[in-house]
Amino acid sequence: MATKNLDITREHCPMTFVKTKIELAKLQPGDRLEVLLTEGEPLENVPRSSEEQGYKVISIEKVKDNIRKVIIEK
Amino acid sequence: MSTITNKKKLSIICFSGDFDKLVAAFTLATGSSAVGYDVNIFFTFWGLNAIKKKKGRAFTGKGFLARFFGFLMGGINNVPLSKLNFLGASPKLMTYMMKKRNVATLKDLIEAAKNLNINLYACEMSMIILGLTLDDFIPEIKEVLGVANFLNYSEGGDRLFI
């Protein structure tokens, strides 16, 4: 089971969740994606849309200021 | 992974070959696909310029007039801004501003659409007028469609004309 990293802190709509979706699609079942994102729209949308599409949000933790790390598993 | 039933669907008729409207179409398409929608884009008339294999001006198509129009219309590198185009300078300036502000450029969005496996279709009727064949387009174009098939593929979802 592999873990990949993705930093979308400098991206804007729609690339925040587009890049996440493209990376998630590459994972094998059981693999994880660690996504660094900012509060606001990315934090609202990335975990929600991932769960809606059947991925599992393992954790959301604060990294610094307005940056969060979201771990998603396929 | 759970299976999703009754997947939402968005079908865009991309008639415009304007830079800004193409950005809108591809932003909606990629964003919708990324949140789990099935997305179809049906390129017709000016919109076909966005999916030509030859990105610049080229005498594509069959027949003298069609080739002449093909040259004038150009490919994705020649799409104009719908307002304040300034002889083609504005799309380049706009792309510069988009890059500087970390917003996806039109090329980024088109690449993302390909990576997301969005269904891309070309309109049969406008291809006949312009003397174009499937070979003149990028390989990601899945099929050449008419109205009946477009209605069939887009049934039960949202439809947008851009």
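Taken in order, these protein sequences are the chains called P and E.
Residues in the first sequence are numbered consecutively from 1, following the working numbering.
Residues in the second sequence are numbered consecutively from 75, following the working numbering.
Note that CB positions come from ideal geometry on N, CA and C, so glycine has one too.
Considering only Gly130(E), Phe138(E), Lys188(E), Thr134(E), the residue with the shortest C-alpha distance to valine 153(E) is Gly130(E). DSSP places lysine 64(P) within a strand segment (E or B) once states are collapsed to three.
In chain order, Cys13, Pro14, Phe17, Val18 make up the part of chain P whose C-beta sits under 8 Å from the C-beta of glycine 105(E). Contact check for glycine 148(E) against glycine 121(E) fails: the beta carbons are separated by 7 Å or more. Taken in chain order, the complete beta strand (DSSP E) segments of 3 or more residues contained in the region 177 to 205 of chain E are 193 to 197. Aspartate 31(P) carries a coil assignment under DSSP once its states are collapsed to helix, strand and coil.
With a cutoff of 7 Å on beta-carbon distance, glutamate 23(P) and leucine 33(P) are scored as near each other.
At least one beta carbon of chain P lies nearer than 7 Å to the beta carbon of alanine 178(E). For arginine 48(P), the enclosing alpha helix (DSSP H) stretches over residues 41 to 52.
Counting only runs of at least 4 residues, the region 109 to 149 of chain E fully encloses the following alpha helix (DSSP H) elements, listed from N- to C-terminal order: 138 to 147.
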